[in-house]
Each structure stands twice: as structure tokens, then as C-alpha cells.
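Trainee:
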Amino acid sequence: MTISSVAEQVGMTSKAIRYYEQIGLIKPERESNGYRIYEERQLSELRLIQRCRHLGFSLDECRDLLALYHNKQRHSRDVKKLAVEKIRDIDHRVAQLLSIKSSLSLLADQCQGNDNAACPILQALVQKRDV
Numbered sequence: 001m002t003i004s005s006v007a008e009q010v011g012m013t014s015k016a017i018r019y020y021e022q023i024g025l026i027k028p029e030r031e032s033n034g035y036r037i038y039e040e041r042q043l044s045e046l047r048l049i050q051r052c053r054h055l056g057f058s059l060d061e062c063r064d065l066l067a068l069y070h071n072k073q074r075h076s077r078d079v080k081k082l083a084v085e086k087i088r089d090i091d092h093r094v095a096q097l098l099s100i101k102s103s104l105s106l107l108a109d110q111c112q113g114n115d116n117a118a119c120p121i122l123q124a125l126v127q128k129r130d131v
């Protein structure tokens with residue numbers, strides 16, 4: 001299967017697929033003329049990578065999950081550990097974003113939002129203390 005047909009099937013660009021090959025996430029076979037040959041194994045790997053990326057996993061985490069996917073001696077606890085760690089990371093980021101939202105909401109509430117030049121948001125942003 002050619003890279004363009006693979007890209008269409010898995011819903012990613014040929015450029016992304018080449019990049020994943022370049023960094024060693026996938027390893028398609030090559031024909032004598034140098035063209036890549038993609039088989040079901042690479043399609044599965046690309047689907048796994050794509051889904052993992054949509055779930056927020058880094059490329060290194062995708063590499064770890066691919067290794068577990070190919071390891072017939074794997075333990076489900078190892079896969080679950082990676083998922084639980086990602087959930088903790090997401091919870092931490094959500095807490096950070098909620099804190100930022102709260103700070104920004106307080107600033108927005110202080111601003112009249114009219115034709116006057118004075119704006120408490122800008123005044124607060126240039127102060128030394130955290131907003």
C-alpha cells in the first residue's frame with residue numbers, strides 16, 4: 001500500500017507518516033525502487049499513534065505504548081499505569097487552567113469595558129505581583 005493511500009485510510013498526512021518513520025515510530029518495508037510498502041501492521045501502529053496523540057500522549061509516550069502493543073509478554077497493569085499517569089497530568093493541567101480562568105475573570109470583572117482609556121486589566125498585568 002502506498003503512503004498516500006495509507007494517509008487517506010488513517011486520516012493523517014503523508015508528511016506526518018514520514019515524520020513518524022523518521023523518528024522511528026514506524027518502520028515500513030521498502031521495495032527495490034525505494035518506495036515504502038505499508039502493511040496492516042503499520043496501519044495499526046499509525047491508528048494507535050493517532051488515537052494516542054488525540055488523547056494527549058507525547059511522542060515518547062506513544063513510543064512506550066507501541067512497545068507495549070508489540071510485546072506479547074506485556075502486562076495490562078503497565079498499559080494502565082501509562083493511562084493513569086496521563087489522567088493525572090490532565091487533571092493537573094485542568095487545575096492550572098481553572099486557576100488562570102479565575103484570575104482572568106477577576107480582572108475582566110474590574111474593567112468597565114467602555115470608551116475610557118483606563119483599564120484595570122492592563123494596570124494589573126504590569127504590576128510585579130501575580131495576577
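Numbering (UniProt numbering), first residue to last: 1 to 131.
For each residue, glycine too, the CB sits at the ideal point set by N, CA and C.
Does the beta-carbon distance from Arg81 to Gly56 come in below 8 angstroms?
Mentor: According to the sequence as given, residue 81 is Lys; it is not Arg. Their beta carbons are not under 8 angstroms apart, which means Lys81 does not touch Gly56 by this criterion.
Trainee: Using beta carbons (cut-off 8 angstroms, strictly below), is Gly34 in contact with chain D?
Mentor: No chain D is part of this structure, which consists of one protein chain only.
Trainee: How is Glu31 classed by DSSP in three states: helix, strand or coil?
Mentor: Coil.
Trainee: In whole angstroms, what is the alpha-carbon distance linking Lys27 and Ile90?
Mentor: For Lys27 and Ile90, the distance between alpha carbons rounds to 30 angstroms.
Trainee: For a test of the three-state rule: what should DSSP assign to Ile23, helix, strand or coil?
Mentor: It is coil, neither helix nor strand.
Trainee: Quick one: Cα of Cys111 to Cα of Cys119, how far?
Mentor: About 6 angstroms.
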